[in-house]
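Below: one structure, written as structure tokens.
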Amino acid sequence: MRKNLAWALSLLASPALVTGQQPPPAQSPPSANPAQARRPQPGVTRISLDDAIRLAVQHNHALLAARSTILQSQAQEITANLRPNPVLSWDAQFLPIFQPSQFSADYLNTQAQFDLGIGYTFEIGKKRQHRLQAAKDATDATRSTVDDNQRQLIFNVGQQFVAVVLAQSTIDFAEQDLDSFRKTVEISEARFKAGGMSEGDLLKIRLQLLQFETDLSAARLAKVQTLAALRQLVGFESVPDNFDVDGELSYEAVRAGLDDLKALALRTRPDYQAAQKNVVASRSAELLAEANAKRDLGASFNYSHVAATNTGAFFFNIQLPIFDRNQGEIARTRHVITQSQELAAETGQQVLTDVVDAYAALRESEKIVQLYQGGYVDQAKKSRDISEYAYKRGAASLLDYLDSERTYRANQLAYRQALATYMTALEQIRQAVGTRTLP
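Residue numbers (our numbering): 275 to 713.
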């Protein structure tokens, strides 16, 4: 047995054999392996990550519902800019309703009284201008809040897209590994029939095949579930039932430093912008409250016909702000300003915390990916290939081969998960800074 094992290892060390079994470069993502390349399926609509984001921004119902709040706020601007309506009044007095026999043109001309008046309220203190400005500032804050909803949606789409890509990569690997192991089963069955293997070892091989089939089934289920979740984000009506994603697990280095990302986040994060605009809106509300403290002037003109005489009269009225000077509303709006300022400061700190957390997660996941690409992926594959070659030629035990196969499978799945984790961390850093374009 030792002689056979030494002979097999010497063959593996030869240049021709090593060249024939050279694994793909470690820098290539798992799905880029030609052996795992998927054949294009006719009639299947494939969408990239950019396509998924575009469809989600256009069709996601939650985001569309949030956008309606902008239109609602703009409608409130129309209301805020409206002037008071004039008031039309009229009356008829001293009519002989209970003595109808006295009704005559002369009686109505000389005895009855008819009045027709029109009045208007003149707003003092530029109330309408302050109402309109407060409504516009509220609309700006609402627009930034909707932009923040879109930021969250884009992150969810990116995260779910990576999950689909990971599921497909796992399917590709499971199918490839299953096909390879089936050949091992066929060889083992042939050896069993020839008397070169015990029935117990053959059963171990067949049981190991069950694990491969279970992995493939679980990966296919994960693909269906992640596609369904992605379709909900982009809108069920925006893609057909048989849609798929066009992407692969990959490593994209981020060169930006932490300080640059912090500065970028404070400039672009829509939730921070919304918090700052809420401060502006609160100040506009205070100015409006102060303007409402000033009392409006009511003016009217009244035409009267009485005793065969036509007369006109002007009337004016204005409240005396002795007791009610809108003190409570003014005090409340000032406290709202303080609240908005504190919330803006808290939001700024949350932005910086998000960037720090996302940056740390990105760098840690990057280290793990680089560890795998630095040799662990190649070493696991080479160890599996050596054990498989030696086992098929009777130079290695079944347990050694199965152990190397399990190690290789766990290594490959962990490598794919590491790539997916890094891609998710990259989406998280984009979410934290509020833009997909990183410096």
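Glycine included, every Cβ here is placed at the ideal spot set by N, Cα and C.
Given the structure is predicted, the values throughout are model-derived calculations rather than measurements.
Beta-carbon contacts of residue i that lie in its chain and below 8 Å, excluding the five residues immediately before and after
i, result
"Ile592", "Arg569, Asp570, Leu571 and Gly572"
"Glu473", "Phe466"
"Leu337", "Ala330, Val331, Val420, Asn423, Gln424 and Leu427"
"Ala349", "none"
"Leu490", "Ile445, Ala448, Glu449 and Leu452"
Closest Cα partner of residue i within the set the options
i, options, result
"Arg683", "Tyr663, Ala527 and Phe455", "Phe455"
"Ala582", "Ala339, Gly432, Ala379 and Glu449", "Ala379"
"Gln653", "Glu679, Ala408, Tyr577 and Ala448", "Glu679"
"Val554", "Thr698, Leu356, Ala634 and Thr413", "Thr413"
"Phe575", "Ala565, Ala567, Asn566 and Gly586", "Gly586"
"Gln601", "Ile344, Ala565 and Asp365", "Ala565"
"Asp411", "Ile660, Val643, Val651 and Ile344", "Ile344"
"Asp598", "Pro514, Leu700, Val318 and Ala567", "Ala567"
"Leu323", "Val439, Thr695, Ala386 and Phe589", "Val439"
"Phe588", "Tyr394, Arg505 and Arg710", "Tyr394"
"Glu397", "Ser363, Ile445, Leu693 and Leu562", "Leu562"
6 Å CB neighbourhood of residue i in its chain, flanking five on each side removed
i, result
"Pro308", "Caution is warranted here: a pLDDT of 37 is assigned to Pro308, below 50, making its placement in the model unreliable, and the coordinate value is therefore given only provisionally. There are no such residues."
"Ala326", "Val431, Phe435 and Val508"
"Pro595", "Arg569"
"Leu382", "none"
"Leu369", "Ala386"
Rounded distance between the beta-carbons of residue j and residue i, thought under 8 Å
i, j, result
"Ala238", "Ala706", "With the chain running from 275 to 713 in the structure shown, residue 238 is simply not present."
"Ala354", "Arg405", "4 Å"
"Ala496", "Gln550", "42 Å between Cβ atoms; not a contact."
Length of the line joining the Cα atoms of residue i and residue j
i, j, result
"Glu603", "Asn552", "17 Å"
"Ser512", "Leu501", "13 Å"
"Gly648", "Gln433", "26 Å"
"Ser418", "Met697", "27 Å"
"Asn278", "Ala632", "Caution applies to Asn278, whose pLDDT of 40 falls short of 50 and renders its modelled position unreliable; the model cannot decide the point."
"Glu460", "Arg667", "14 Å"
"Pro298", "Lys656", "Its pLDDT being 38, under 50, Pro298 is placed unreliably in this model, and the coordinates cannot settle the point."
"Leu476", "Arg529", "52 Å"
"Gln691", "Thr416", "38 Å"
"Thr709", "Arg606", "36 Å"
Neighbourhood of residue i by C-beta, 7 Å cutoff - its chain only, sequence neighbours within 5 removed
i, result
"Val610", "Ser556 and Ala559"
"Gln534", "The displayed chain sequence assigns Asp, not Gln, to residue 534. Excluding residues within five positions, the ones whose Cβ falls inside 7 Å are Pro713."
"Asp451", "Phe486 and Arg683"
"Glu640", "Tyr696"
"Phe377", "Pro370"
Contact test: residue i Cβ vs the ligand HEM heavy atom, cutoff 8 Å
i, result
"Arg456", "The ligand content of the structure shown is nil, which means the ligand HEM is not present either."
Residue span of the alpha helix (DSSP H) that contains residue i, given as start and end
i, result
"Ser614", "Gln601 to Leu645"
"Val474", "Note that residue 474 is Gly in the sequence shown, not Val. From DSSP, the alpha helix (DSSP H) with Gly474 extends over Glu473 to Val508."
"Asp258", "Any question about residue 258 goes unanswered here, given that the chain covers just 275 to 713."
"Tyr394", "Unbroken run through Tyr394 is the beta strand (DSSP E), Gln387 to Phe396; no alpha helix (DSSP H)."
"Thr542", "Leu532 to Thr542"
Limits of the unbroken beta strand (DSSP E) element including residue i
i, result
"Asp365", "Val361 to Gln367"
"Asn334", "Element bounds for Asn334: n/a, residue is neither H nor E."
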